[in-house]
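Numbering (the working numbering), first residue to last: 171 to 619.
Beta carbons are placed, not taken as given, at the ideal position from N, Cα and C, and that holds for glycine.
None of these values were measured; they are calculated from a predicted model.
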């Protein structure tokens, strides 16, 4: 997909009960890191279950441009890595398309190399600020020798001859900033320390340890985490089975809760405690979600989820839960639209700097479909209407944001009137199978008539 493609609107209509079993694509966070760490490690890495969305493929292309050999054989991706400290200077700009995670983590990875690297992206990515990743990199000696105003892409990094290890306290909860600093530390002599006051998804720490990095985590009494990584160690290739993405699972999960009579099973979903905030919140709202066959796969907890249609009630979602469900607020807002009473979501600052101003985009989409909501600086209050009577009928501006697109298609499955989105093209960045999977379960999604 190209991001200047002709917009492709889509419409979702009130559906019959959803039934059946589904398996969502591999986890996006783990897929990005699998390509990165496999490309950096010595020897061979083999990956199954990788998310083959456009964002992850951009990360793979960036690693190939810096010397890694990556190929797909059957269902398996096979990587011959370059070895830690041995990335090559790319001969052309690294084009990350719409991939915020891929670009920010790669800035950390390459920043401490004695070379020049240029990062470019599509209109959406080019509008997103990179300063919070560049700030700690500058402290390590990285120069930003060219950038669009506000530390935006296109931008070029120039690494130092010898990077300096730092101790960096993450100012706001962000797995991307934490990860960028840790990855910069991989090629830096000495120990780089990240202090994380609020825990965020910990895939970087878990996977780096799995690849052999000398990384330790100490958690203090207040839950403050100190993460130490010793630079210039050896990483060795691994075998990785990527579990299903809980963010992607959120779409069929909420759809089954709000479409009357539904009963579905979502198989092989990642259950890492730093990623289960949506699940916990929906259960607090009265969602009938049964966790089946919990097991461990490749160092991560996974399970199957059986979901039945439920009468939901509004709840207060604390700010402390935001890091564990930051990508799921749009689809939570959809669930809240059908709940009795008010659902108040707090601590949403991070949503302002996602693929779009996601907080504003959600609020405008709800309003366009007759849903009563109030947007605050870092909050969203949604007052639901059980049964969806009188709701729907609007067209939602997606702002090139895949999660906005999928969330509002889920909304239309249970509103009285259809819901239209202005463009479905960008869904391929994270969930290429979304339309087909939802239709298999019985969802009425298609082109506008």
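Between which two residues does the alpha helix (DSSP H) holding residue i run?
i, result
"residue 225", "224 to 235"
"residue 348", "345 to 356"
"residue 200", "198 to 210"
"residue 308", "301 to 309"
"residue 534", "528 to 538"
"residue 606", "604 to 611"
"residue 453", "447 to 454"
"residue 580", "572 to 582"
"residue 502", "499 to 506"
Output needed for residue i: all residues of its chain with C-beta closer than 6 Å, excluding positions within five of it in sequence on either side, in chain order.
i, result
"residue 173", "For residue 173, the predicted model reports a pLDDT of 48, less than 50, meaning its position is unreliable and no value from the coordinates is stated."
"residue 311", "330, 333, 334"
"residue 614", "183, 185"
"residue 304", "314, 321"
"residue 294", "268, 525, 570"
"residue 572", "596, 597, 599, 600"
"residue 520", "496"
"residue 175", "595"
"residue 316", "326"
"residue 300", "321"
"residue 394", "367"
"residue 201", "220, 221, 226, 412"
"residue 625", "Nothing about residue 625 can be reported from this structure: the residues present for the chain run from 171 to 619 only."
Keeping to the same chain, check which residues put their C-beta closer than 7 Å to that of residue i; ignore five residues upstream and five downstream.
i, result
"residue 534", "567"
"residue 584", "184, 428, 429, 508, 558"
"residue 494", "444, 445, 446, 447"
"residue 364", "338, 340, 348, 351, 352, 397"
"residue 618", "179, 181, 590"
"residue 467", "411, 413"
"residue 406", "211, 212, 213, 381, 382"
"residue 171", "With a pLDDT of only 45 at residue 171, under 50, the local geometry of the prediction cannot be trusted, and the value read off the model is given with reservation. So the qualifying residues of the chain are 224, 595, 598."
Nearest CA to the CA of residue i: which residue from the options?
i, options, result
"residue 540", "558, 483, 529, 548", "558"
"residue 547", "524, 517, 555", "517"
"residue 603", "221, 459, 498", "221"
"residue 326", "596, 280, 211", "280"
"residue 553", "289, 379, 502, 531", "502"
"residue 266", "229, 315, 300, 302", "229"
"residue 374", "205, 579, 176, 598", "205"
"residue 402", "253, 270, 586", "253"
"residue 514", "488, 575, 420", "488"
"residue 203", "271, 532, 399, 545", "271"
"residue 231", "256, 261, 255", "261"
"residue 536", "527, 560, 523, 578", "578"
"residue 177", "237, 581, 592, 283", "592"
"residue 285", "523, 259, 308, 302", "259"
"residue 479", "452, 460, 432", "432"
Between which two residues does the beta strand (DSSP E) containing residue i stretch?
i, result
"residue 616", "614 to 616"
"residue 460", "458 to 467"
"residue 324", "322 to 328"
"residue 190", "189 to 193"
With 9 Å as the threshold, decide whether the Cβ of residue i is near any Cβ in chain D.
i, result
"residue 617", "In the displayed structure, chain D is absent; only one protein chain is listed."
Could you pull out every residue in the same chain whose Cβ sits closer than 8 Å to the Cβ of residue i, ignoring the five residues on either side in sequence?
i, result
"residue 610", "190, 192"
"residue 371", "199, 345, 442, 444, 445, 493, 494"
"residue 510", "481, 482, 483, 484, 554, 556"
"residue 246", "216, 217, 218"
Check your understanding: Does the stretch 209 to 227 touch the stretch 400 to 414, meaning 3 or more C-beta pairs lie closer than 8 Å?
Key -> Because the criterion of three Cβ pairs below 8 Å is met, the stretch 400 to 414 and the stretch 209 to 227 touch.
Review point. Curious, which full-length beta strand (DSSP E) runs of at least 3 residues does the stretch 227 to 292 contain?
Key: Counting whole runs of 3 or more residues, the stretch 227 to 292 contains the beta strand (DSSP E) stretches 239 to 243, 246 to 250, 286 to 290.
Practice item. Report yes or no: do three or more beta-carbon pairs, one from the stretch 462 to 479 and one from the stretch 430 to 438, lie closer than 8 Å? Key: The stretch 462 to 479 vs the stretch 430 to 438: in contact.
Review point. Okay, do the stretch 381 to 394 and the stretch 188 to 197 touch, 3+ Cβ pairs below 8 Å being the bar?
Key: Not touching, per the Cβ criterion.
Check your understanding: Taking one C-beta from the stretch 316 to 323 and one from the stretch 356 to 363 each time, how about it: are there three or more such pairs within less than 8 Å?
Key -> Inter-segment contact for the stretch 316 to 323 and the stretch 356 to 363 is absent: fewer than three beta-carbon pairs are separated by less than 8 Å.
Exercise for review: Jot down the residue ranges of each uninterrupted beta strand (DSSP E) in the stretch 379 to 460, minimum 3 residues, whole runs only, in chain order.
Suggested key: Complete beta strand (DSSP E) runs here, min 3: 385 to 389, 395 to 400, 409 to 411, 433 to 440.
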